[in-house]
Amino acid sequence: LARNPMDTELSARIYSYELAYKMQMHATEAIDIGKESEATRRLYGLDDKPTEYFGRQALMARRLVER
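Counting with our numbering, you get residues 21 to 87 for the letters of the sequence shown.
Have a look at this one:
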């Protein structure tokens, strides 16, 4: 049986939408740093104004990479 090229295009498109959905769901979990321990928050400098912004970005990046 010959496959219709439209079937493969449709399958690829469905796969990309499913992947995008999964990535969005993991991203929302990754940016919720409220569940991190106080020790981790301290290590990333979240309790110090000069390092808070960079520490928050670094922590979110680590959490995204771990997923």
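Quick reminder that beta carbons are idealized off the backbone N, C-alpha and C, glycines included.
Following the DSSP letters along the chain, one finds residue 55 in no alpha helix (DSSP H), marked with neither H nor E. Counting only residues of its own chain and dropping the five nearest sequence neighbours on each side, residue 76 has a CB closer than 8 Å to the CB of 53, 64, 66. Scanning its chain for C-beta atoms nearer than 8 Å, with the 5 sequence neighbours on each side dropped, one finds around residue 72 the residues 65, 66, in chain order. Residue 47 and residue 35 have their C-alpha atoms some 18 Å from each other.
Rounded to whole angstroms, the Cβ separation of residue 87 and residue 50 is 6 Å, and the two are in contact under 8 Å.
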